[in-house]
Amino acid sequence: LKTANEAIKDRLEILRNEFGEIAADNHAAISRMKNGMKRLSDRIMEAARETARRDRQIIYGASGRMQSAGGGTIGISESA
Numbered sequence: 076l077k078t079a080n081e082a083i084k085d086r087l088e089i090l091r092n093e094f095g096e097i098a099a100d101n102h103a104a105i106s107r108m109k110n111g112m113k114r115l116s117d118r119i120m121e122a123a124r125e126t127a128r129r130d131r132q133i134i135y136g137a138s139g140r141m142q143s144a145g146g147g148t149i150g151i152s153e154s155a
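Mapping the sequence shown onto the working numbering, position 29 (from 1) lands on 104, and the numbers just tick up by one.
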């Protein structure tokens with residue numbers, strides 16, 4: 076670039092600045108999308124928990140007999 080035409084250097088500098096602005100805008104948009112996806116995930120999980128609490132659940136105990144699952148818990152694995 077030391078021997079490049081001054082007009083080319085100026086144009087590259089303009090393009091570099093434009094790219095930086097676009098990259099910053101993209102970063103902000105990705106951050107907003109991440110926050111939106113987190114809120115959506117939280118809503119889905121809360122709806123699932125509420126449905127599980129509302130519906131009567133039956134589980135099998137250690138003896139093999141059916142029993143109410145009123146004291147059960149909900150667990151998930153988010154390692155997808």
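Quick reminder that beta carbons are idealized off the backbone N, C-alpha and C, glycines included.
Spatial neighbours of E93 in its chain, beta-carbon cut-off 6 Å, leaving aside the 5 residues before and after: none
Nearest-angstrom Cα separation, counted from H102 out to E121: 29 Å
Distance between beta carbons of L76 and K84, contact taken as under 8 Å: 7 Å
Span separating the alpha-carbon of A98 from that of R86: 18 Å
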